[in-house]
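Novice: Residue 421 in the working numbering sits at position 421 of the sequence shown; the count goes up by one each step and never skips.
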Amino acid sequence: MNKIIVPIFILSAVLFCGQSRSGEDAKGSRSYSDYEKPKSCASCHTSIYRQWRQAMMSQSFTHHWDEIEYFDLAVEHAKKDPSMKEAVDGCNGCHAPLAYLAGDLPPPRPAEGSRANEGVSCDLCHTIIDVEGDPPVNYSWVSVPGRTKYGSKPGLESPHHITEYNEIFTRTELCGSCHNEKNPFGIWVKSTQIEWREGPYSKEGVKCFDCHMPKAKGRSAKMAEEGMVAQHIFLGAHSPAKLRGAIEISMHTLEPEVPYDGTAVIKVELFNAKAGHKVPTGSVEDRILWLELAAVDQDGRKYNIPVDRKGFEGEEYTIGSDELAYRDMGIPLGDTDFEGVPREEVPIGSRIFRMPYLDENGIMTIMQWNTRKLGVDYRIGPRETVIETYSWTMPEDIAFGKVTITATLNYRKLVKPVAEFLNVPADESEIDMINQTSTEIVVYD
Ligand code: HEC
Ligand code: HEC
Ligand code: HEC
Ligand code: HEC
Ligand code: HEC
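#1: Could you give the DSSP three-state label for residue 49: helix, strand or coil?
#2: Would you call the region 371 to 387 and the region 191 to 205 touching, i.e. three or more CB-CB distances under 8 Å?
#3: For ligand 2, any of its heavy atoms closer than 6 Å to the Cβ of residue 350?
#4: Do you know offhand how far residue 334's Cα is from residue 88's?
#5: Would you mind sorting residue 416 into buried or exposed? The rule is 16 or more other CB atoms within 10 Å of its CB.
#6: Hey, would you say the C-beta of residue 170 is under 6 Å away from at least one heavy atom of ligand 6?
#7: Considering residue 92, what are the terminal residues of the alpha helix (DSSP H) in which it resides?
#8: To the nearest angstrom, how far is it from the Cα of residue 68 to the Cα of residue 109?
#9: Residue 234 and residue 212 look like a contact to me (Cβ under 8 Å); what is the Cβ gap, rounded to whole Å?
#10: Let me check one thing: in DSSP terms, what residues is residue 279 bridge-paired to?
#11: Is it true that the region 180 to 200 meets the region 136 to 150, where meeting means three or more beta-carbon pairs spaced less than 8 Å apart?
#12: Taking the straight line between their C-alpha atoms, what separation do you get for residue 42 and residue 221?
#13: Based on the DSSP secondary-structure assignment, which residues constitute the bridge partners of residue 302?
#14: Express the C-alpha separation of residue 121 and residue 208 in angstroms, rounding to a whole number.
#15: Within 10 Å of its beta-carbon, does residue 289 have 16 or more other beta-carbons around it, so buried, or fewer, so exposed?
#16: Output needed for residue 284: all residues of its chain with C-beta closer than 6 Å, excluding positions within five of it in sequence on either side, in chain order.
#17: Please tell me whether residue 408 and residue 292 are closer than 7 Å, where the distance is taken between their beta carbons.
#18: Closer than 6 Å by C-beta to residue 304: which residues in its own chain qualify, once you throw out the five before and the five after it? Chain order, please.
#19: I need the DSSP call for residue 450, collapsed to helix, strand or coil.
#20: Using CA coordinates, which residue listed in 32, 84 and 39 is at the minimum distance from residue 332?
#21: Give the secondary structure of residue 350 by DSSP, where H, G and I count as helix, E and B as strand, and everything else as coil.
#22: Which residue spans inside the region 145 to 213 form an unbroken beta strand (DSSP E) run of at least 3?
#23: Quick one: does the C-beta of residue 65 sit closer than 6 Å to a heavy atom of ligand 5?
#24: Can you find a C-beta in chain C that's less than 7 Å from the C-beta of residue 146?
#25: Which class does residue 440 belong to by DSSP, given the choice of helix, strand or coil?
#26: Roughly how many whole angstroms lie between the Cα atoms of residue 339 and residue 366?
#27: Considering Cα atoms alone, identify which of 160, 159, 164 and 158 is closest to residue 150.
#28: Less than 8 Å between C-beta atoms, sequence neighbours within five positions excluded: which residues of the same chain meet that for residue 436?
#29: Confirm the yes/no value for this check: CB of residue 99, any heavy atom of ligand 5, distance under 6 Å.
#30: Do you know how far the Cα of residue 62 is from the Cα of residue 426?
#31: Is the beta carbon of residue 372 sitting closer than 7 Å to the one on residue 71?
#32: In terms of alpha-carbon separation, which member of 183, 443 and 424 lies closest to residue 393?
#33: Residue 343 to residue 273, Cα distance in whole Å?
#34: Which value, in whole angstroms, describes the spacing of the CA atoms of residue 57 and residue 118?
#35: Among 22, 431 and 55, whose alpha-carbon lies nearest the alpha-carbon of residue 178?
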């Protein structure tokens with residue numbers, strides 16, 4: 001280092017120590033005006049801006065379900081139980097980071113058009129200089145707003161800003177600072193980056209960016225040279241295209257022919273071929289993935305086939321039932337007699353891939369901040385294959401001849417009874433079919 005650079009380096013290190021805070025320490029440490037609006041990047045980075053506008057990243061505060069859960073459940077809960085206030089402010093550390101940094105808590109409703117609406121904005125990500133914690137958790141990013149924008153490519157020049165390479169843009173910790181979350185009771189309510197780290201893709205160096213920000217030939221800015229550009233599409237659970245085929249499915253029967261009073265044994269293999277983490281991941285308290293098996297005989301009669309039990313602890317949460325759950329929504333809603341709503345509303349006996357979040361009474365909750373315990377983790381890990389068996393005793397009224405059996409793997413972002421109860425628009429609980437396959441058996445006399 002030469003004589004001029006050393007003092008500058010020390011000076012900037014001192015400045016950083018004074019200003020750069022992460023997580024809860026950063027609350028209220030900045031103002032909105034420290035950050036540029038996404039629109040100010042759009043004139044040069046037009047495609048990237050349009051991609052980001054379509055992605056959930058720009059809607060993390062304004063999206064309908066976020067607004068409903070935050071304002072109607074979380075903020076109301078903190079009003080009734082002030083010990084929840086810190087955690088409920090913390091929602092914004094990931095969903096409305098500019099509001100969190102500005103200390104504008106709770107931020108105004110989306111309809112009021114405040115800068116909280118920018119969500120996870122360009123300038124928030126591209127002013128991150130470091131991420132703290134191992135593993136990173138709870139918005140532990142360090143953002144230093146200003147003229148310098150950081151990225152993964154060294155040596156770029158821009159007329160609008162100083163452009164600097166920063167190693168954090170090549171590491172999954174950047175994503176993990178918001179995609180891992182611990183609640184006030186010390187429960188890991190989100191662990192996507194940890195699941196990735198423990199899985200096969202981390203060993204191969206296949207990172208979040210490779211699947212969620214794929215590179216394509218083009219220009220990252222109007223005046224830039226052509227090159228491989230990171231697409232800011234962030235496809236996830238809100239993209240049917242991303243979900244479709246994420247899990248591969250195959251099925252076989254042990255006997256091609258079954259006597260009318262016999263039992264058909266059917267095996268279904270499910271392979272997580274596409275996701276770098278478990279499925280479902282992220283908002284696991286809301287999401288539901290389930291396998292339905294149905295048969296249709298020669299006369300067109302339809303039968304729903306329940307899965308065989310494996311006998312592991314907590315298995316009852318992984319099989320479709322008509323039980324009630326989510327009673328703790330009564331706390332924020334001020335209804336102490338609230339009995340809950342049905343747990344999932346999928347065909348009884350379907351196998352469900354999920355991890356239940358349990359409240360202080362051991363009842364399932366979608367209020368992740370109120371979770372005291374996690375139940376059995378029955379999700380499908382990256383590159384894992386799970387086999388489900390169905391022993392189906394022929395019904396008395398079955399017609400002889402060909403019977404078609406269809407296995408359908410379905411997904412919902414939010415369990416339907418909760419969506420209906422809270423008036424969440426239907427697209428949040430619509431069914432996304434992940435995959436489907438069929439096979440045949442012959443029933444003989
Ligand atoms: C006047 C045009 C212009 C505006 C406005 C602009 N940029 Fe850039 N930016 C560029 C150019 C040119 C490059 C270099 C692209 C290249 O050579 O590939 C660049 C590069 C970048 C990079 C890449 C850094 C790296 O090292 O990988 C980032 C990140 C970036 N800009 C962020 C932003 C953000 C955030 C905003 C809005 C706050 C913004 N830019 C506004 C022109 C602009
Ligand atoms: C969630 C954080 C995040 C947000 C939000 C975000 N970016 Fe990026 N951006 C990244 C990461 C990470 C990379 C580097 C990806 C890589 O190299 O694999 C990147 C790369 C870039 C690049 C360089 C692209 C290239 O490959 O040459 C530009 C320019 C850029 N971003 C601008 C923007 C603009 C403008 C916005 C808002 C419209 C934005 N970013 C929003 C994380 C983000
Ligand atoms: C500042 C916090 C923050 C950072 C950093 C961040 N994310 Fe996110 N991300 C969010 C939030 C909040 C959402 C949820 C948006 C919603 O549905 O409300 C989200 C949503 C997503 C989704 C869409 C999920 C869906 O349901 O469709 C993907 C994919 C994603 N992020 C990937 C990434 C990747 C890859 C990185 C690292 C480059 C990253 N995120 C960095 C906060 C962050
Ligand atoms: C090998 C490719 C791959 C890698 C690596 C990968 N993902 Fe994904 N991701 C997917 C696929 C496919 C889906 C859609 C299926 C699903 O929802 O699980 C997805 C879904 C998601 C979702 C939405 C999940 C939900 O249920 O709402 C988020 C958020 C996400 N990924 C974040 C990340 C983060 C953060 C990383 C890095 C730590 C990462 N992903 C690494 C392929 C990948
Ligand atoms: C550590 C960061 C972080 C914190 C803190 C956080 N979230 Fe999130 N939240 C995320 C990420 C990342 C996703 C997207 C995960 C996925 O796609 O599966 C998400 C997803 C959601 C969703 C589902 C969005 C959808 O459209 O399906 C809701 C609702 C939500 N969060 C509400 C909250 C509330 C309310 C709080 C506070 C009690 C909170 N979050 C705290 C990071 C966070």
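Don't be surprised by glycine CBs; every beta carbon is placed ideally from N, CA and C.
Specialist: According to the structure shown:
#1: As a first step, residue 49 is located in the sequence shown; it is residue number 49 there, counting from the start. Note: residue 49 maps to helix in three-state DSSP.
#2: yes
#3: As a first step, residue 350 is located in the sequence shown; it is residue number 350 there, counting from the start. It does not: the Cβ of residue 350 is nowhere closer than 6 Å to a heavy atom of ligand 2.
#4: Taking the sequence shown and counting its residues from 1, the one referred to as residue 334 is at position 334. Taking the sequence shown and counting its residues from 1, the one referred to as residue 88 is at position 88. If you take the alpha carbons of residue 334 and residue 88, they lie about 17 Å apart.
#5: Reading the sequence shown from its first residue, position 416 is the one you call residue 416. Burial call: buried.
#6: Absence of ligand 6 from the depicted structure is noted, with ligand 1, ligand 2, ligand 3, ligand 4 and ligand 5 being the only ligands included.
#7: Translated into the one-based positions of the sequence shown, residue 92 becomes position 92. Taken as a continuous stretch (DSSP letters only), the alpha helix (DSSP H) holding residue 92 covers 85 to 95.
#8: For the purposes of this step, residue 68 is identified with residue 68 of the sequence shown, where counting begins at 1. For the purposes of this step, residue 109 is identified with residue 109 of the sequence shown, where counting begins at 1. Those two C-alpha atoms are separated by around 10 Å.
#9: As a working note, residue 234 is residue 234 in the sequence shown. As a working note, residue 212 is residue 212 in the sequence shown. The pair is a contact, with the Cβ atoms about 5 Å apart (cut-off 8 Å).
#10: The residue you call residue 279 lines up with position 279 of the sequence shown. Paired residue(s): 380.
#11: yes
#12: Taking the first residue of the sequence shown as position 1, residue 42 is located at position 42. Taking the first residue of the sequence shown as position 1, residue 221 is located at position 221. Looking at the two C-alpha atoms, the distance is approximately 9 Å.
#13: The sequence position of residue 302 within the sequence shown is 302, counting from 1. Per DSSP, 296.
#14: The residue labelled residue 208 in the question sits at position 208 within the sequence shown. The residue labelled residue 121 in the question sits at position 121 within the sequence shown. Going by the C-alpha atoms only, they are around 18 Å apart.
#15: Here residue 289 refers to the residue found at position 289 when the sequence shown is read from its first residue. So residue 289 ends up on the buried side.
#16: Along the sequence shown, read from residue 1 onward, the residue named residue 284 stands at position 284. Excluding residues within five positions, the ones whose Cβ falls inside 6 Å are 355.
#17: Residue mapping note: residue 408 aligns to position 408 of the sequence shown, counting from 1. Residue mapping note: residue 292 aligns to position 292 of the sequence shown, counting from 1. It is a contact, given that the beta carbons lie within the stated cut-off.
#18: Counted from its first residue, the sequence shown places residue 304 at position 304. Excluding sequence neighbours, residue 304 sits near 294 and 347.
#19: Missing from the structure shown is residue 450; the chain here goes from 1 to 445 and no further.
#20: Working through the sequence shown from its first residue, we reach residue 332 at position 332. Selected option, being the one with the closest Cα: 84.
#21: Counting from one through the sequence shown, the residue named residue 350 turns up at place 350. It is coil, neither helix nor strand.
#22: 148 to 151, 162 to 165, 180 to 182 and 188 to 191
#23: As a first step, residue 65 must be located in the sequence shown, where it is residue number 65. Indeed, a heavy atom of ligand 5 lies less than 6 Å from the Cβ.
#24: No chain C appears in the structure shown, which is made up of a single protein chain.
#25: In the sequence shown, the residue the question calls residue 440 occupies position 440. The answer is strand: DSSP assigns residue 440 an E or B state.
#26: Position 339 of the sequence shown, counting from 1, holds the residue named residue 339. Position 366 of the sequence shown, counting from 1, holds the residue named residue 366. Approximately 15 Å, taken between the alpha carbons.
#27: Within the sequence shown, numbered from 1, the residue matching residue 150 stands at position 150. With distances taken between Cα atoms, residue 150 lies closest to 164.
#28: Translated into the one-based positions of the sequence shown, residue 436 becomes position 436. So the qualifying residues of the chain are 249, 406, 407, 408 and 409.
#29: The residue labelled residue 99 in the question sits at position 99 within the sequence shown. Checking the Cβ of residue 99 against ligand 5 gives no.
#30: The residue labelled residue 426 in the question sits at position 426 within the sequence shown. The residue labelled residue 62 in the question sits at position 62 within the sequence shown. Distance between the alpha carbons of residue 426 and residue 62: 16 Å.
#31: Residue numbering aside, residue 372 sits at position 372 when the sequence shown is read from its first letter. Residue numbering aside, residue 71 sits at position 71 when the sequence shown is read from its first letter. No, Cβ-Cβ distance for residue 372 and residue 71 is not below 7 Å.
#32: Counting from 1 along the sequence shown, the entry for residue 393 is found at position 393. It is 443.
#33: As a working note, residue 343 is residue 343 in the sequence shown. As a working note, residue 273 is residue 273 in the sequence shown. Roughly 28 Å separates the two Cα atoms.
#34: Here residue 57 refers to the residue found at position 57 of the sequence shown. Here residue 118 refers to the residue found at position 118 of the sequence shown. Spanning the two alpha carbons is a distance of roughly 9 Å.
#35: In the sequence shown, residue 178 corresponds to position 178, counting from 1. Selected option, being the one with the closest Cα: 22.
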